[in-house]
Amino acid sequence: MAKITACVFTSHVPAIGAALDLGKTQEPYWQPVFKGYEYSKQWMKDNQPDVIILVFNDHATAFSLDMIPTFAIGTTDTYQPADEGWGPRPVPMVHGHPELAAHIAQSVIQQDFDLTLVNKMDVDHGLTVPLSLMFGQPQSWPCPVIPFAVNVVQYPVPSGQRCFNLGKAIRKAVDSFDQDLKVQIWGTGGMSHQLQGPRAGLINQEFDNAFLDQLIADPASAAAIPHINYVREAGSEGIELVMWLVARGAMDDVNDVNDVDGGKAPIVRHRFYHVPASNTAVGHLILENPQ
Ligand code: DHB
Ligand code: FE
5 MAKITACVFT SHVPAIGAAL DLGKTQEPYW QPVFKGYEYS KQWMKDNQPD
55 VIILVFNDHA TAFSLDMIPT FAIGTTDTYQ PADEGWGPRP VPMVHGHPEL
105 AAHIAQSVIQ QDFDLTLVNK MDVDHGLTVP LSLMFGQPQS WPCPVIPFAV
155 NVVQYPVPSG QRCFNLGKAI RKAVDSFDQD LKVQIWGTGG MSHQLQGPRA
205 GLINQEFDNA FLDQLIADPA SAAAIPHINY VREAGSEGIE LVMWLVARGA
255 MDDVNDVNDV DGGKAPIVRH RFYHVPASNT AVGHLILENP Q
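Counting in the numbering used here, the sequence shown runs from 5 upward without gaps.
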């Protein structure tokens, strides 16, 4: 059977992608950011998954105000990189896993989450920057990726609690897929940042580090953080953090006994936090499910 082996959390700052693509990683501004991912790149080589479910948000690249799915799963086999700002990144095409994606859609929809099925979608920095941070600059991505998009751009956005519960549903779906696959789930975006208005540039290190602590040790209470607290404390774009709760909901300790706080807690393999990168606090965690 398929199983979720680990989750990865990381910010997706577009300027990180540009720094990589333009060969600036050793510049003094960027060097400490990329240093935080050196362990991660080695860990990825040592813990190569068969598939990644990558929870991210689209930034009006694939979707627009014409159509705003709250939760959308990519069910096709190829996804072309595209972007705002710097334009499409020179990174490999993303290959999906239509079979597992279709199974997740079937299972999760039957568990009462209404997913939008997407058979044609370009993927922006929300998805490609995390891949670059974890894999570097390969000729092709080393494994299939199922894009799982969450609307955190246009209100109303889903609550942290709903995202966390969705993660549990995804976990059940993966557990019931009849192929021996090592599956990682990644939660991306965040941490605190605000890109517009009088508070543009806001970063809240205290909130971010408390969020990391809670996400690791007490995810159920992280899931209970109301939407308004993200906006107040972590800035308007800090709401991207609800996507981390999808990934955390799919891990062991929230899925075993009674569904919450049962089982063994995941192992923290890596934790990194750096301020700033562009307008954003960069946060990064790797958690493994106990074998
Ligand atoms: C920045 C961060 C984001 O998450 C994003 O989508 C766009 C820009 C920034 O820090 O500049
Ligand atoms: Fe973003």
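Backbone N, C-alpha and C fix where the C-beta goes; we use that ideal spot for every residue, glycine too.
In three-state DSSP terms, what is Gly21? helix
When burial is assigned at 16 or more other CB atoms within 10 Å of the CB, is Met195 buried or exposed? buried
CA nearest to the CA of Asp87, picked from Pro102, Thr65, Leu69 and Pro94: Thr65
Trp90 in three-state terms, based on DSSP: coil
Which residue comes first and which comes last in the alpha helix (DSSP H) that contains Gln218? Gln209 to Ala221
What first and last residue would you give for the beta strand (DSSP E) that runs through Cys11? Lys7 to Thr14
Based on the DSSP output, what are the partners of His129 in its beta bridges? Per DSSP, none; premise fails for His129.
For Phe243, name the three-state secondary structure that DSSP assigns. Looking at the sequence itself, residue 243 is Ile, so the reference to Phe does not match. Reduced to three states, the DSSP call for Ile243 is helix.
At which residue ranges does the segment 49–92 contain complete beta strand (DSSP E) runs of 3 or more residues, listed in the order of the chain? 55–60 and 75–78
What residue range is occupied by the uninterrupted alpha helix (DSSP H) comprising Arg273? That residue, Arg273, is in no alpha helix (DSSP H); its beta strand (DSSP E) goes Ile271 to Ala281.
Measuring CB to CB, does His101 end up less than 7 Å from Val55? yes
Is the beta carbon of Gly164 closer than 7 Å to that of Ala227? yes
Minimum C-alpha distance to Asn297 - residue among Pro280, Arg252, Leu131 and Ser282: The structure shown does not extend to residue 297, since the chain spans only 5 to 295, so no value can be given for it.
Please check the pair Ile174 and Ala254, which I expect to be a contact at CB under 8 Å, by giving their CB distance rounded to whole angstroms. 5 Å
Can the beta-carbon of Met247 be found closer than 7 Å to that of Met138? no
Using a Cβ-based criterion (distance less than 6 Å to any ligand heavy atom), does Asn155 qualify as near ligand 1? Outside the cutoff, so no.
Can you have a look at Met125 and say buried or exposed, based on whether 16 or more other CB atoms are within 10 angstroms of its CB? buried
Reference Thr79; option with closest CA among Gly21, Asp184 and Phe152: Phe152
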